[in-house]
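Each remark here refers to the structure printed beneath this line.
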Amino acid sequence: MRIQVQKWGNSLAIRIPKSLALDTKIEDGSFVNLSLVRGKLVAAPIQSQEYSLEQLLAGISDDNIHKEIDTGKAMGKEIW
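Residues 932 to 1011 (this note's numbering) make up the sequence shown, in order.
Pasting the structure below:
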């Protein structure tokens, strides 16, 4: 597929056609990894990793746990 490079501010940009975006699951706001492979520009989608609550909690240790923060007395109808 032939695509024209266009100026965008001080940079150059290419538009990803809808068919390629759908095939690669790239959507507005997605991140891609740009690299140069044997003289060719390669854009690969970066899949965001999802974590379960158990995985997140397993990463907490005595070294990285946050201390309790005193926010003062209740000012309204907060329940503590």
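A virtual CB, placed ideally from N, CA and C, is assigned to each residue, including glycine.
Who are the near neighbours of residue i in its chain, counting only those whose CB is closer than 6 Å to its CB and skipping five residues on each side?
i    : result
L965 : A974
Q937 : A944
Can you tell which of the options has its C-alpha closest to the C-alpha of residue i?
i    : options           : result
K949 : S942, K1004, I934 : I934
M932 : K938, I945, G940  : I945
Let me check one thing: in DSSP terms, what residues is residue i bridge-paired to?
i    : result
Q937 : A944
K971 : V968
> If you pair each beta-carbon of the segment 948–963 with each one of the segment 972–985, do three or more pairs fall below 8 Å?
Replying inline: The segment 948–963, when compared against the segment 972–985, does touch it at the 8 Å Cβ threshold.
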